[in-house]
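Chains as they are written, first to last, in our numbering: chain W, 18 to 111; chain P, 18 to 111; chain Y, 18 to 111; chain Z, 18 to 111; chain F, 18 to 111; chain L, 18 to 111; chain E, 18 to 111.
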Amino acid sequence: MSLRPLGDKVVIKVKAEEEKTVSGILLPGSAQEKPQQGKVIAVGTGEIVDGKKVPLDVKVDDEVIYSKYSGNEVKIGEDEYLIIRQADILAIVE
Amino acid sequence: MSLRPLGDKVVIKVKAEEEKTVSGILLPGSAQEKPQQGKVIAVGTGEIVDGKKVPLDVKVDDEVIYSKYSGNEVKIGEDEYLIIRQADILAIVE
Amino acid sequence: MSLRPLGDKVVIKVKAEEEKTVSGILLPGSAQEKPQQGKVIAVGTGEIVDGKKVPLDVKVDDEVIYSKYSGNEVKIGEDEYLIIRQADILAIVE
Amino acid sequence: MSLRPLGDKVVIKVKAEEEKTVSGILLPGSAQEKPQQGKVIAVGTGEIVDGKKVPLDVKVDDEVIYSKYSGNEVKIGEDEYLIIRQADILAIVE
Amino acid sequence: MSLRPLGDKVVIKVKAEEEKTVSGILLPGSAQEKPQQGKVIAVGTGEIVDGKKVPLDVKVDDEVIYSKYSGNEVKIGEDEYLIIRQADILAIVE
Amino acid sequence: MSLRPLGDKVVIKVKAEEEKTVSGILLPGSAQEKPQQGKVIAVGTGEIVDGKKVPLDVKVDDEVIYSKYSGNEVKIGEDEYLIIRQADILAIVE
Amino acid sequence: MSLRPLGDKVVIKVKAEEEKTVSGILLPGSAQEKPQQGKVIAVGTGEIVDGKKVPLDVKVDDEVIYSKYSGNEVKIGEDEYLIIRQADILAIVE
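Structural data, given as structure tokens:
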């Protein structure tokens, strides 16, 4: 089973909220609009900009930071996924 | 009798809310904006983007996840249908 | 006497609210934003999209479902009409 | 003395509110957003759509229905005029 | 000293509020959004529409009606001026 | 040290609020949205309109009137500067 | 480890809030919407304007002033970073 996001949408596997990331980024726990981190699982076919479909900038396996209250949460088994518009992704962690 | 949705609208046969889906996706029951799942019954003729009509990405029989409070509910006999804009569909389940 | 709607507007002859339709669609009576059904009486000359006038998708005599709180009501004799933008029409019943 | 409306604006001579119109349209007295009727007195030079000036669809002497709380009222002597954008005119009565 | 308004802005010399105008227009004193009258003192270089600068429709010395709560008031000596966008001017009085 | 504003932004050296200006403009002290006056110190490279960069209309040393609650205030030593979008500048005083 | 911001987003190393900057700019401590200063650490690939990707105006190592409540804060070790859209950057300090 897999999720195929539409258009400019991206499926993200969410990291646990308090976890300190491998790269050492510690996400604030009480900020009103706190960013979060996760790994890209699937990407949509692209965003339509002025009539042309532009491929998304993020790719599968990218580790990304995004705004917390963006997107819609989906739960598969024990894992939480987030379906988010690419515009709500802030940066790729390298 | 059938429904022919206009433009970028899609008719969806709604799954019962607490039901665990075949694919194992369990939708949260209390989230403020909870996604839901259903099967596409009919699709509109397309979305007008910059003056050209672009066919929709979803097709009849696609199983899709969408934002819960999107769209308008219609009841035919015992079944609930949802008429929703494609932009409110998050992903196709495969 | 007749009404000639402007642009993307459509005149609809409203069905009584609790009535079960011929096609078996029963519209919910208490929903916050409940769809409704009616017959198209007159259509505008079209919607201007990117500088070109695009004819409307609905035609006179189409039976349509629309969002309840859309449009403006007009009463002629005993009949209620609704003048609505095509964008607020959800689907055609066939 | 006359009023020359700008762009997409239209000057309308308002009908008295409770009056039953010649065409038999009786406008509701208590609706939250009730339509009204009047005669077009003057029209603007047109609406700019995608860089081109498009002439208005209504003409002087057209009897029109519009949304009540649209536009700005002006009083000349005993008569009430309304200066309204064409987009707030719903239909022409014929 | 003079004011040179930018872009689509217009400088208007405001008429006293209760004054009955020469043309006989009496402006309502208590309306929520009451139109007002004044004379155009200076006009901007034009409005940019789809990448081209379009000259304004009003000219210096035009007597115009505008929405009351539009624009910004400036006082020079005893006179009140209003700097307003052309879109908030309703009609020219002729 | 100097400030180089981005895009359509303009740096303005603010005049003291109650001061009567050289040109005799007295700005109201209690108005809800009161205009103010200042001198342009630096201008951005221009505004992007339909894909092309359009140079700004105001130049360094222009004395301008702008809407009070626009922009962001910056203090350098004793002087107050305002960084404002050109769209919030109403007129040039000549 | 590094952050690669998407599109029109910029990563900024934030200056301590009360600190008087090298250039002598003292940022107000109690203003409702107070600007702030920082150094650009990474910039996105550009902003899409009318279908074309336009490179950003700010570069790595630029010292910039931005609106305080813009963007999303990220903490790496002891340092605070801000991921902000270029449109929320007011000026470059030179």
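We put the CB at the ideal spot given by N, CA and C, even for glycine. Keep in mind it's a predicted model, so treat the numbers as computed, not measured.
Checklist entry - With a CB to CB cut of under 6 Å and the five nearest residues on each side skipped, what residues in its chain are close to residue 87/L? => result To locate residue 87/L, count along the sixth sequence from 1; it is residue 70. Same-chain partners within the cutoff: 101, 105.
Item to check | One or two residues paired with residue 65/P in a DSSP bridge | outcome: Looking up residue 65/P in the second sequence gives position 48. Beta-bridge analysis with DSSP links residue 65/P to 70/P.
Checklist entry - Using 7 Å as the limit for Cβ to Cβ distance, is residue 99/F near chain Z? => result The sequence position of residue 99/F within the fifth sequence is 82, counting from 1. No, its Cβ sits nowhere closer than 7 Å to a Cβ of chain Z.
Item to check | Proximity of residue 53/P and residue 85/P at Cβ, strictly below 7 Å | outcome: Along the second sequence, one-based indexing puts residue 53/P at 36. Along the second sequence, one-based indexing puts residue 85/P at 68. For residue 53/P and residue 85/P, yes; Cβs fall inside 7 Å.
Checklist entry - Do we get a CB-CB distance below 7 Å when we pair residue 107/L with the residues of chain F? => result In the sixth sequence, residue 107/L corresponds to position 90, counting from 1. Output row for residue 107/L: interface = yes.
Checklist entry - Using a C-beta to C-beta distance shorter than 9 Å, which residues of chain E count as neighbours of residue 32/W? => result Counting from 1 along the first sequence, the entry for residue 32/W is found at position 15. Chain E residues near residue 32/W: none, gap ~14 Å exceeds 9 Å.
Checklist entry - Short check: CB of residue 27/L to CB of residue 97/L, under 7 Å? => result The residue you call residue 27/L lines up with position 10 of the sixth sequence. The residue you call residue 97/L lines up with position 80 of the sixth sequence. No, the Cβ-Cβ distance between residue 27/L and residue 97/L is not below 7 Å.
Next on the checklist: Considering Cα atoms alone, identify which of 74/L, 82/L, 89/L is closest to residue 64/L.
Outcome noted: Taking the sixth sequence and counting its residues from 1, the one referred to as residue 64/L is at position 47. Closest option to residue 64/L, Cα to Cα, is 74/L.
Item to check | Where residue 105/W falls: helix, strand or coil (DSSP) | outcome: Along the first sequence, read from residue 1 onward, the residue named residue 105/W stands at position 88. Of the three classes helix, strand and coil, the one that applies to residue 105/W here is helix, per DSSP.
Checklist entry - Got a sec: is the Cβ-Cβ distance from residue 26/W to anything in chain P below 7 Å? => result Numbered from its first residue, the first sequence carries residue 26/W at position 9. True, the Cβ-Cβ gap to chain P drops below 7 Å.
Next on the checklist: Would residue 65/W pass as an interface residue toward chain P - the criterion being a Cβ-Cβ separation below 7 Å?
Outcome noted: Position 48 of the first sequence, counting from 1, holds the residue named residue 65/W. Residue 65/W counts as touching chain P.
Checklist entry - Looking at chain P, which residues of the region 62–90 of chain Y have a Cβ within less than 8 Å of any of its Cβ atoms? => result 66, 67, 68, 69, 71, 74, 75, 82, 84
Checklist entry - Which bits of chain Z does residue 110/F rub up against, with CB to CB less than 9 Å? => result Within the fifth sequence, the letter at position 93 stands for residue 110/F. Per Cβ cutoff of 9 Å: 18, 19, 20, 21.
Checklist entry - By DSSP, does residue 28/E sit in helix, in strand, or in coil? => result Counting from one through the seventh sequence, the residue named residue 28/E turns up at place 11. Strand.
Next on the checklist: For residue 70/F, which residues in the same chain have their Cβ closer than 8 Å to its Cβ, ignoring the five residues on either side in sequence?
Outcome noted: Locating residue 70/F in the fifth sequence gives position 53, where the first residue counts as 1. Same-chain partners within the cutoff: 62, 63, 64.
Checklist entry - Which first and last residues belong to the beta strand (DSSP E) in which residue 84/Y is found? => result In the third sequence, counting from the first residue as 1, residue 84/Y sits at position 67. Element bounds for residue 84/Y: 80–84.
Next on the checklist: Taking 8 Å as the limit between beta carbons, can you name the residues of its chain near residue 59/P, skipping five residues before and five after?
Outcome noted: Stepping through the second sequence from its first residue, residue 59/P is reached at position 42. Taken in chain order, the residues that qualify are 19, 20, 21, 22, 27, 28, 77.
Checklist entry - Apart from the five residues just before and just after residue 95/Z, which ones in its own chain have a Cβ nearer than 8 Å to its Cβ? => result The residue given as residue 95/Z occupies position 78 in the fourth sequence. The answer is none, since no qualifying residue turns up.
Next on the checklist: Would residue 68/E and residue 67/W qualify as a contact pair, given that the criterion is a beta-carbon distance under 7 Å?
Outcome noted: The residue given as residue 68/E occupies position 51 in the seventh sequence. The residue given as residue 67/W occupies position 50 in the first sequence. Yes.
Item to check | Secondary structure of residue 97/Z, DSSP reduced to three states | outcome: The residue labelled residue 97/Z in the question sits at position 80 within the fourth sequence. Looking at residue 97/Z - three-state DSSP - the assignment turns out to be strand.
Checklist entry - According to the Cβ coordinates, are residue 99/W and residue 82/W closer than 7 Å? => result In the first sequence, counting from the first residue as 1, residue 99/W sits at position 82. In the first sequence, counting from the first residue as 1, residue 82/W sits at position 65. Not in contact: residue 99/W and residue 82/W (Cβ atoms no closer than 7 Å).
Next on the checklist: Between 92/Y, 90/Y, 56/Y, which has its C-alpha nearest residue 111/Y's C-alpha?
Outcome noted: As a working mapping, residue 111/Y is identified with position 94 in the third sequence. Of the candidates 92/Y, 90/Y, 56/Y, the one whose C-alpha sits nearest the C-alpha of residue 111/Y is 56/Y.
Item to check | Residues bridged to residue 90/F [DSSP beta-bridge criterion] | outcome: Mapped onto the fifth sequence, residue 90/F falls at position 73. Per DSSP, 99/F.
Next on the checklist: According to DSSP, is residue 23/Z part of a helix, a strand, or is it coil?
Outcome noted: Locating residue 23/Z in the fourth sequence gives position 6, where the first residue counts as 1. Correct three-state label for residue 23/Z: coil.
Checklist entry - What separation, rounded to the nearest whole angstrom, lies between the Cα atoms of residue 89/Y and residue 109/Z? => result Stepping through the third sequence from its first residue, residue 89/Y is reached at position 72. Stepping through the fourth sequence from its first residue, residue 109/Z is reached at position 92. One alpha carbon belongs to residue 89/Y, the other to residue 109/Z, and they sit about 14 Å apart.
Item to check | According to DSSP, residues forming a beta bridge with residue 76/L | outcome: Working through the sixth sequence from its first residue, we reach residue 76/L at position 59. Residue 76/L is not bridged to any residue.
Next on the checklist: Could you tell me the alpha carbon to alpha carbon distance between residue 25/P and residue 72/P, rounded to whole angstroms?
Outcome noted: Here residue 25/P corresponds to residue number 8 of the second sequence, with the count starting at 1. Here residue 72/P corresponds to residue number 55 of the second sequence, with the count starting at 1. Looking at the backbone, the Cα of residue 25/P and that of residue 72/P are separated by about 8 Å.
Checklist entry - Sorted by chain position, which residues of the same chain lie with C-beta nearer than 8 Å to residue 92/L's C-beta, five sequence neighbours on each side aside? => result Sequence index remark: in the sixth sequence, residue 92/L carries index 75 (1-based). For residue 92/L, where only same-chain residues beyond five positions count, the Cβ hits under 8 Å are 98.
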